[in-house]
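Protein chains in written order, with the working numbering: chain A, 31 to 105; chain B, 27 to 517. Please read the structure below before turning to the comments.
Quick look at the structure:
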């Protein structure tokens with residue numbers, strides 16, 4: 031599990047940030063994207079994917095969350 | 027357009043790498059690339075923020091340099107103790123010309139060096155007591171200081187001194203913040219991790235200290251983040267922002283104070299100049315206080331106008347009007363500078379090799395003068411830095427990460443730039459090769475380069491470097507043989 035942060039970029043897309051490794055990547059898809067269930071598997075544009083436990087959609091981004099790394103796709 | 031085509035640049039990289047043993051060659055290949063606008067992510071073409079190879083000259087600093095030299099050092103009313111042997115503090119003292127206003131030694135301490143000067147017995151028996159005593163002495167000798175930071179040098183981490191406990195105790199005793207920063211040099215591959223650690227220390231020990239306190243705020247409060255006032259840069263930027271009608275609450279950290287930093291969570295917008303060193307704290311403030319951050323670039327009129335409009339768009343119409351008025355007011359001055367220098371500098375080629383933000387930020391300023399950047403790279407940039415750089419430079423431009431001395435020399439020999447923009451360590455190599463060098467880290471005893479006023483100085487500096495008659499009278503050593511005897515006598 032790692033601490034991550036999700037924020038919105040200027041274009042409105044979601045950006046993933048992993049402070050420990052200073053890894054910044056765009057989120058290409060998010061598994062659940064409803065108001066009461068938000069999260070699940072995050073696919074990053076660098077090929078990596080992470081899992082966050084689904085929560086209610088946060089009222090304000092950025093938000094820090096705990097995430098689990100799925101696979102070892104990115105470098 | 028770049029001087030070389032894509033294939034030629036690729037061939038150049040391959041040729042330069044040829045001399046390395048296989049293993050080194052394999053590693054270095056990842057750090058050299060030809061710019062390609064089709065690539066959206068830099069990691070697909072260039073690798074960065076990796077450990078340098080032992081044995082090849084590299085030009086990086088350490089985590090201590092990132093924390094003490096960059097982030098904490100310029101905070102002028104605090105005393106920054108270099109905790110450990112005397113060398114790290116002394117050799118990094120006042121090297122970056124972070125200008126400030128104040129009376130040094132009374133209420134400001136920017137150019138002074140405070141160190142616990144570890145000796146053998148401190149390494150063996152621990153230096154906690156020494157640190158506590160040092161803080162007491164500081165309090166007696168410099169009662170007007172506003173806080174202390176303890177910048178750990180390598181031995182502190184190795185012997186495991188508990189600087190946090192000492193700091194907490196001392197902070198309670200003197201009733202001022204005492205911040206332990208675990209920035210031992212060995213922690214990261216470059217100064218970059220030091221920035222991160224320093225930002226985290228600010229977050230944990232400084233930033234929230236005035237939360238909930240009363241504060242007279244205006245709708246136009248902003249903070250300058252990541253400008254270290256090298257040669258007066260932050261001042262040149264601050265003038266522009268104030269002319270736009272904004273109120274600059276804090277400067278992080280050039281000519282900045284700890285009080286300013288504590289007030290920063292009250293601003294409406296954080297303006298981030300050096301993304302590499304301060305994005306961490308900007309992210310934190312965005313999350314905790316809901317303060318958005320915006321990157322800007324104040325090098326050269328094109329980028330200044332672009333950035334000012336972008337900043338103004340965040341505020342209401344009065345700011346937008348003032349911004350347009352400001353741009354219009356400075357336009358004649360800019361036209362004059364460009365009219366004067368562009369004919370002299372047009373078409374000149376530049377190669378850059380700098381640290382955190384300038385390999386991409388100054389490109390616009392060079393282009394305003396009609397110059398062209400044909401190669402650029404970072405000492406300690408990360409992938410996100412290269413992501414931004416790809417868009418700034420032309421297709422087929424040479425990119426190099428953590429370049430070695432050998433590679434940079436070979437690239438310069440082959441690409442034959444008219445000028446190299448780099449740091450002090452490269453200066454004499456290229457000047458001996460007969461290529462003018464301007465220091466881009468510390469402005470080589472000139473500056474500022476930010477803002478409209480800075481652009482005038484930037485243009486003049488580039489011109490005096492290139493137009494210096496010495497280059498015509500100098501023959502590089504490898505051409506000496508071909509020179510007729512009478513000329514050699516003159517030289």
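Ideal Cβ placement from N, Cα and C applies to all residues, glycine included.
Boundaries (first-last residue) of the alpha helix (DSSP H) holding residue i
i, result
"residue 357 of chain B", "343 to 371"
"residue 304 of chain B", "301 to 315"
"residue 42 of chain B", "32 to 43"
"residue 437 of chain B", "431 to 441"
"residue 164 of chain B", "154 to 167"
"residue 49 of chain B", "48 to 55"
Straight-line gap, residue i to residue j (C-alpha atoms, nearest Å)
i, j, result
"residue 271 of chain B", "residue 405 of chain B", "36 angstroms"
"residue 120 of chain B", "residue 300 of chain B", "20 angstroms"
"residue 328 of chain B", "residue 75 of chain A", "31 angstroms"
"residue 303 of chain B", "residue 506 of chain B", "44 angstroms"
"residue 321 of chain B", "residue 292 of chain B", "19 angstroms"
"residue 412 of chain B", "residue 56 of chain B", "13 angstroms"
"residue 86 of chain A", "residue 95 of chain A", "13 angstroms"
"residue 40 of chain A", "residue 460 of chain B", "45 angstroms"
"residue 294 of chain B", "residue 337 of chain B", "12 angstroms"
"residue 45 of chain A", "residue 58 of chain A", "9 angstroms"
"residue 347 of chain B", "residue 365 of chain B", "27 angstroms"
"residue 371 of chain B", "residue 318 of chain B", "39 angstroms"
"residue 54 of chain A", "residue 34 of chain A", "10 angstroms"
"residue 315 of chain B", "residue 81 of chain B", "46 angstroms"
"residue 50 of chain B", "residue 41 of chain B", "14 angstroms"
"residue 463 of chain B", "residue 384 of chain B", "15 angstroms"
"residue 91 of chain A", "residue 43 of chain A", "11 angstroms"
"residue 27 of chain B", "residue 349 of chain B", "Reliability fails at residue 27 of chain B, whose pLDDT of 46 lies under 50, so the model's placement of it is uncertain and the value that follows must be treated cautiously. If you take the alpha carbons of residue 27 of chain B and residue 349 of chain B, they lie about 33 angstroms apart."
"residue 387 of chain B", "residue 443 of chain B", "19 angstroms"
"residue 481 of chain B", "residue 181 of chain B", "43 angstroms"
One or two residues paired with residue i in a DSSP bridge
i, result
"residue 465 of chain B", "B:448"
"residue 106 of chain B", "B:175"
"residue 140 of chain B", "B:107"
"residue 251 of chain B", "B:278, B:298"
"residue 46 of chain A", "A:36, A:55"
"residue 101 of chain B", "B:282"
"residue 61 of chain B", "Residue 61 of chain B pairs with nothing; no bridge assigned."
"residue 238 of chain B", "BP columns for residue 238 of chain B are empty, so no partner."
"residue 483 of chain B", "DSSP output for residue 483 of chain B lists no bridge partner at all."
"residue 130 of chain B", "B:134"
"residue 409 of chain B", "BP columns for residue 409 of chain B are empty, so no partner."
"residue 85 of chain A", "A:68"
"residue 79 of chain A", "A:73, A:100"
Within-8 angstroms CB hit, residue i to chain B
i, result
"residue 94 of chain A", "yes"
"residue 54 of chain A", "yes"
"residue 31 of chain A", "no"
"residue 76 of chain A", "yes"
"residue 47 of chain A", "yes"
"residue 90 of chain A", "yes"
"residue 87 of chain A", "no"
"residue 99 of chain A", "no"
Own chain, CB closer than 7 angstroms to residue i, minus 5 neighbours either side, in chain order
i, result
"residue 28 of chain A", "Examination of residue 28 of chain A is not possible in this model, given that chain A is present from 31 through 105 alone."
"residue 106 of chain B", "94, 98, 99, 140, 175, 177"
"residue 341 of chain B", "246"
"residue 229 of chain B", "307, 310"
"residue 206 of chain B", "176, 189, 190, 193"
"residue 43 of chain B", "51, 54, 55"
Extent of the continuous beta strand (DSSP E) to which residue i belongs
i, result
"residue 277 of chain B", "273 to 279"
"residue 63 of chain A", "53 to 63"
"residue 95 of chain A", "93 to 100"
"residue 38 of chain A", "32 to 38"
"residue 376 of chain B", "375 to 378"
"residue 147 of chain B", "Counting along the chain, residue 147 of chain B falls outside any beta strand (DSSP E), though it belongs to the alpha helix (DSSP H) covering 146 to 151."
"residue 424 of chain B", "424 to 426"
"residue 321 of chain B", "319 to 321"
Residues near residue i in its chain [Cβ-Cβ closer than 6 angstroms; skip 5 each side]
i, result
"residue 88 of chain B", "211"
"residue 38 of chain B", "440"
"residue 252 of chain B", "298, 299, 300, 303, 304"
Neighbourhood of residue i by C-beta distance below 8 angstroms, restricted to the same chain and skipping five residues each side
i, result
"residue 250 of chain B", "260, 263, 264, 267, 274, 276, 277, 278, 297, 299"
"residue 154 of chain B", "187, 188, 189, 191, 192"
"residue 373 of chain B", "396, 397, 398"
"residue 88 of chain A", "68"
Cβ of residue i within 8 angstroms of any chain A Cβ
i, result
"residue 109 of chain B", "no"
"residue 506 of chain B", "no"
"residue 277 of chain B", "no"
"residue 408 of chain B", "yes"
"residue 69 of chain B", "yes"
"residue 316 of chain B", "yes"
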